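Heads up: the sequence lines are chains A and B, in that order.
When we follow full-length UniProt numbering, the leftmost residue of the first sequence carries the number 1, and every step to the right adds one.
When we follow full-length UniProt numbering, the leftmost residue of the second sequence carries the number 1, and every step to the right adds one.
There are 2 protein chains.
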Amino acid sequence: MTTPFPVNKALDIIGGKWRPQVYCTLEDGPRRFSEIQRAIPDVSRKVLTDQLRELEQLGMVRRIDYSTEKQLHVEYSLTEEALSLQPAMKALCSWGETRDE
Amino acid sequence: MTTPFPVNKALDIIGGKWRPQVYCTLEDGPRRFSEIQRAIPDVSRKVLTDQLRELEQLGMVRRIDYSTEKQLHVEYSLTEEALSLQPAMKALCSWGETRDE
Numbered sequence: 001m002t003t004p005f006p007v008n009k010a011l012d013i014i015g016g017k018w019r020p021q022v023y024c025t026l027e028d029g030p031r032r033f034s035e036i037q038r039a040i041p042d043v044s045r046k047v048l049t050d051q052l053r054e055l056e057q058l059g060m061v062r063r064i065d066y067s068t069e070k071q072l073h074v075e076y077s078l079t080e081e082a083l084s085l086q087p088a089m090k091a092l093c094s095w096g097e098t099r100d101e
Numbered sequence: 001m002t003t004p005f006p007v008n009k010a011l012d013i014i015g016g017k018w019r020p021q022v023y024c025t026l027e028d029g030p031r032r033f034s035e036i037q038r039a040i041p042d043v044s045r046k047v048l049t050d051q052l053r054e055l056e057q058l059g060m061v062r063r064i065d066y067s068t069e070k071q072l073h074v075e076y077s078l079t080e081e082a083l084s085l086q087p088a089m090k091a092l093c094s095w096g097e098t099r100d101e
């Protein structure tokens, strides 16, 4: 198997319908599941759960459980690895904004 | 239908297995079909033909036919629109290079 092309390696991780939106939602800091879901109205609970788990396994998202006996409190945030992708995401975002339909 | 997310708009155009490689092959200047095919050994003739046609329809690639009666000579090059995506592609490329398997 030839080594995957570097751009493809990045797109395999951050491509797809939902990951860019999850990424941009977490760019401004840690969020709870319900906050992420509110920011991406079209995504279902199950799909968002799967995407967050995959991004966690890929080392892109950190999941921290602050829950107490009384209260469930889990937060998701971007890892340093993910934050180092910010220049590319910002460039893709501004380029995408200039594209008319 | 909600307006597509800007990053997704960009990824719809430049994502996928072959487009990043076609893009990077044309980054250094116009190329003939055979040169592109040589630069991407795994791609079939048909897939490369389709990808170039789609990129042309998307306004990302320009196809210029210099053929004469004696000789077939067609060149492909990136449009200004495509070149404006270079910062994003370079950032994706360098990030992808840092990703170990």
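By construction, the Cβ of each residue, glycine as well, lies at the ideal position given by its N, Cα and C atoms.
This one's a predicted model, so the numbers in the text were calculated from it and none came from an experiment.
Hey, residue i and residue j: beta-carbon distance below 9 Å or not?
i	j	result
leucine 26 of chain A	serine 77 of chain A	yes
glycine 96 of chain A	valine 7 of chain B	yes
methionine 89 of chain A	isoleucine 14 of chain A	yes
aspartate 12 of chain A	proline 20 of chain A	no
lysine 9 of chain B	arginine 99 of chain A	yes
leucine 92 of chain B	leucine 92 of chain A	yes
glutamate 75 of chain A	tyrosine 66 of chain A	yes
histidine 73 of chain B	arginine 38 of chain B	no
Starting from the beta carbon of residue i, find every residue of chain B whose beta carbon is closer than 7 Å, and list them in chain order.
i	result
glutamine 89 of chain A	Before going on, a small fix: residue 89 of chain A reads as methionine here, not glutamine. The answer, in chain order, is Val7.
residue 108 of chain A	In the structure displayed, chain A extends from 1 to 101; residue 108 of chain A sits before or after that span and is not available.
Locate the alpha helix (DSSP H) running through residue i, then write down its first and last residues.
i	result
aspartate 65 of chain B	From DSSP, aspartate 65 of chain B is part of no alpha helix (DSSP H) but of the beta strand (DSSP E) over 61-65.
phenylalanine 33 of chain B	33-39
glutamine 71 of chain B	First-last for glutamine 71 of chain B: undefined, no H or E at that position.
lysine 17 of chain A	Note, lysine 17 of chain A: premise wrong, no alpha helix (DSSP H); not H, not E.
aspartate 42 of chain B	Note, aspartate 42 of chain B: premise wrong, no alpha helix (DSSP H); not H, not E.
glutamate 97 of chain A	86-98
Within its chain, find whatever has a CB closer than 6 Å to the CB of residue i; leave out the 5 residues flanking it on each side and keep chain order.
i	result
methionine 1 of chain A	Any reading at methionine 1 of chain A must be qualified, since the residue scores a pLDDT of 46, below 50, and its modelled position is unreliable; the value itself is stated next. Hits under 6 Å: none found.
glycine 29 of chain A	none
serine 34 of chain A	none
isoleucine 64 of chain A	Glu75
Just to confirm the assignment, what range does the beta strand (DSSP E) spanning residue i have?
i	result
leucine 78 of chain A	74-78
Excluding the 5 residues preceding and the 5 following residue i in the sequence, name in chain order all residues of the same chain whose CB lies nearer than 7 Å to its CB.
i	result
glutamine 51 of chain A	Trp18, Arg19 and Val22
glutamine 71 of chain A	none
threonine 79 of chain A	Gly59, Met60, Val61 and Arg62
valine 43 of chain A	Trp18 and Gln37
glutamate 81 of chain B	Gly59 and Met60
glutamate 54 of chain B	none
Under 8 Å Cβ-Cβ, which residues of chain A neighbour residue i?
i	result
proline 20 of chain B	Phe5, Val7, Asn8 and Leu11
arginine 62 of chain B	Ordered by position in chain A, no residue passes the 8 Å Cβ test against arginine 62 of chain B, which lies about 17 Å from the chain.
For residue i, return the contacting residues in chain A, with the cut-off set at a CB-CB distance below 9 Å.
i	result
leucine 78 of chain B	None at all; the shortest Cβ gap to chain A is about 13 Å.
arginine 32 of chain B	Correct list: empty, because the minimum Cβ distance to chain A is about 21 Å.
leucine 48 of chain B	Going along chain A, no residue has its Cβ under 9 Å from leucine 48 of chain B, so there is no contact; the nearest lies around 15 Å.
In chain A, which residues lie with their C-beta within 7 Å of the C-beta of residue i?
i	result
leucine 55 of chain B	Simply none; closest approach about 14 Å.
leucine 26 of chain B	Within 7 Å Cβ-Cβ: nothing; leucine 26 of chain B doesn't reach chain A, min ~13 Å.
Leaving aside the five residues before and after residue i along the sequence, list all residues of the same chain whose C-beta is less than 8 Å from its C-beta, in chain order.
i	result
glutamine 86 of chain A	Glu27
isoleucine 40 of chain B	Trp18, Gln21, Val22, Thr25 and Leu48
Residues of chain B with CB closer than 8 Å to the CB of residue i, please, in chain order.
i	result
lysine 17 of chain A	Asn8
leucine 72 of chain A	Those within 8 Å of leucine 72 of chain A in chain B number zero; the least Cβ separation is about 29 Å.
Could you name the residues of chain B that residue i contacts, counting a contact when the two beta carbons are closer than 9 Å?
i	result
leucine 52 of chain A	What leucine 52 of chain A touches in chain B: nothing, since even the nearest Cβ is about 17 Å away.
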